[in-house]
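Counting in the numbering used here, the sequence shown runs from 872 upward without gaps.
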Amino acid sequence: MNAVIPIQNLQAKGCDKPIEILKERGQREVFCGLTGIIWMHRKIQDAFFLVVGSRTCAHLIQSAAGVMIFAEPRFATAIIDDRDLAGLADANAELDKVVQKLLSRRPDIKLLFLVGSCPSEVIKLDLHRAAGRLDKQFAPNVRILNYSGSGIETTFTQGEDACLQALVPELPQTDQNSLMIVGCLPDIVEDQFARVFKDLGINNVSFFPPRNSKTLPAIGPNTQFILAQPFLGDTTRSLESRGAKLLVSQFPFGVEGTTMWLSTIANAMGVNQDHFEKVIAPLQARAEKSLIPLRENLQNKKIFFFPDSQLEIPLARFLQRELGMQLTEVGTPYLHQQILQKELELLPSDITLSEGQDVEKQLDRLKEINPDMVVCGLGLANPLEAKGLTTKWAIELVFSPIHGFDQAADLAELFARPLRRKEKLKFHQEVICN
Ligand code: SF4
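See the structure below:
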């Protein structure tokens, strides 16, 4: 059986000359790393995220997560009010009290993250030391770790990177050959990939983070790992420092990206090429077919990405190569050249690729281009909609299942829906930002 995307074409290049990168360091419009708690707490089901922060932090995660009526949430904020340095001993004692109370009320918590934030009174607290102190106190029932979700240090997907990096030293050691899939995936997507690996005959695969903190995957010099999310630069470095080897690949967005990602894994794990094609071809065929009607909606539409989720580059590749969208500017908060190397090779060279942000200048470029669709954060979306532009919230892309063959059409639909809605409303688009 022939694969829909022949395997020999997988190395196809999008451009021959490297794309110039426009580096900007100005005012940014992005969420902080606390936002990651919203999807992380759903993934690691016995973990709890205690934000050590201000009322602003409490509002952010409460409103981003919505109110949970039936289940006790697995995140909260310990609010540290204004205090001077002399009050730090009290702050530590207060934090100890909050943790004590929480853990005695919630024996189901097996992993507690103390999550740092940016108010100055929190920065003065040594959360790493506090986590070490509390970890000793509650061992072995509960593991207590810390990381920073502060908006000074992180953008919103970097919260996951910081959290996973904090977990890496906890992974048990092994010398066995193994494969690790790194990055939070919705359970449904993880199950789909697990089935594909089984069909390919790949055993000894683990997912990091796991669904339960008691099943942390082992790692060592014979572990190969591949990223499922492109924003895990610090986690990558920590895994490499444990001896594991990174498999650099495109990311599993769309039919092509998923094929390339699985092909990288299959090659590394010694899967026979014919067998690979036999397993993958029907999945590709189904996904290809599901994209056809969406291509009609998206073909030749101009799209502009503001830097936000760090998913921008793989998504741009998918939208351009599989759905025929025209890329204008693709902005990303950080560009991990090593991690995104295979993606960059597939982008056309006539786009603006920007790293970092100077929001006023970027808005000027947007005005000049006047695209059909803008991918941006919540803060920019409403004003841009008011100017007649069609927007897609970047954060929705992180919350939705978008990886893999079965989600390719759902991912395309996230972009097609706002355009269809606009057409239906016969919305008259005006010249923007005037
Ligand atoms: S930016 Fe800082 S103060 Fe604001 S919610 Fe995030 S961590 Fe809290």
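Glycine is no exception: its CB is placed at the ideal position from the N, C-alpha and C atoms.
{"Asked": "Residue range of the beta strand (DSSP E) that includes Glu-895", "Found": "892-896"}
{"Asked": "Runs of beta strand (DSSP E) lying entirely within the stretch 1041-1091, each at least 3 residues, in chain order", "Found": "1049-1053 and 1076-1079"}
{"Asked": "Sub-7 Å separation of Gly-924 and Ser-988 beta-carbons", "Found": "yes"}
{"Asked": "Segment limits, alpha helix (DSSP H) that includes Gln-1209", "Found": "1208-1215"}
{"Asked": "Residue range of the alpha helix (DSSP H) that includes Thr-1107", "Found": "1104-1112"}
{"Asked": "Among Gln-1278, Glu-1226, Ile-1073 and Thr-1261, the one whose alpha carbon lies nearest that of Glu-891", "Found": "Glu-1226"}
{"Asked": "Under 7 Å between C-beta atoms of Val-1060 and Leu-1005", "Found": "no"}
{"Asked": "Those residues which DSSP pairs with Glu-1226 across a bridge", "Found": "Lys-894 and Thr-1203"}
{"Asked": "Range covered by the beta strand (DSSP E) that runs through Ile-1097", "Found": "1094-1098"}
{"Asked": "Inter-stretch contact at 8 Å, needing at least 3 Cβ pairs: the stretch 1137-1146 / the stretch 1214-1226", "Found": "no"}
{"Asked": "The stretch 1041-1054 contacting the stretch 1092-1112, beta-carbon criterion three pairs below 8 Å", "Found": "yes"}
{"Asked": "Per-residue burial, Lys-914 [other beta carbons within 10 Å of its own, 16 or more giving buried]", "Found": "buried"}
{"Asked": "Bounding residues of the beta strand (DSSP E) (the contiguous stretch that carries Asn-1017)", "Found": "1014-1019"}
{"Asked": "Length of the line joining the Cα atoms of Ala-1010 and Leu-983", "Found": "11 Å"}
{"Asked": "Check: Leu-931 C-beta below 6 Å from any heavy atom of the ligand SF4", "Found": "yes"}
{"Asked": "Boundaries of the alpha helix (DSSP H) in which Leu-1249 is found, first to last residue", "Found": "1249-1257"}
{"Asked": "Identity of the residue in Pro-1219, Leu-1206, Gly-1202 and Leu-1217 nearest Leu-1234 by Cα", "Found": "Gly-1202"}
{"Asked": "Cβ neighbours of Leu-931 in the same chain (closer than 8 Å, five flanking residues each side left out)", "Found": "Phe-902, Cys-903, Leu-905 and Thr-906"}
{"Asked": "Where Asn-1017 falls, given that 16 or more other Cβ within 10 Å makes a residue buried", "Found": "buried"}
{"Asked": "Thr-927 Cβ short of 6 Å to the ligand SF4 heavy atom set", "Found": "yes"}
{"Asked": "Beta-carbon proximity check, Gly-1022 vs Asp-1229, cutoff 7 Å", "Found": "no"}
{"Asked": "The ligand HEM heavy atom lying under 6 Å from the CB of Gly-1114", "Found": "The ligand content of the structure shown is limited to the ligand SF4, which means the ligand HEM is not among them."}
{"Asked": "Beta-carbon proximity of Ile-1174 to Leu-1211, cut-off 7 Å", "Found": "no"}
{"Asked": "Test item: CB-CB of Val-1126 and Ala-1156 under 7 Å", "Found": "no"}
{"Asked": "Any non-hydrogen atom of the ligand SF4 within 6 Å of Cys-1034 CB", "Found": "no"}
{"Asked": "Alpha-carbon spacing of Lys-1242 relative to Ala-1065, whole angstroms", "Found": "As written in the sequence, residue 1242 is Pro, which differs from the Lys given in the question. Approximately 39 Å between the Cα atoms of the pair."}
{"Asked": "CB-CB length for Ile-1151 against Thr-1130, believed under 8 Å", "Found": "6 Å"}
{"Asked": "Alpha carbon of Trp-910 to alpha carbon of Lys-894, nearest angstrom", "Found": "30 Å"}
{"Asked": "Selection from Phe-1189, Leu-1215, Leu-1035 and Phe-1177 that minimises the alpha carbon distance to Lys-1232", "Found": "Phe-1177"}
{"Asked": "Residue closest to Glu-1200, alpha-carbon to alpha-carbon, out of Ser-1271, Glu-1216, Glu-1239 and Leu-1290", "Found": "Glu-1239"}
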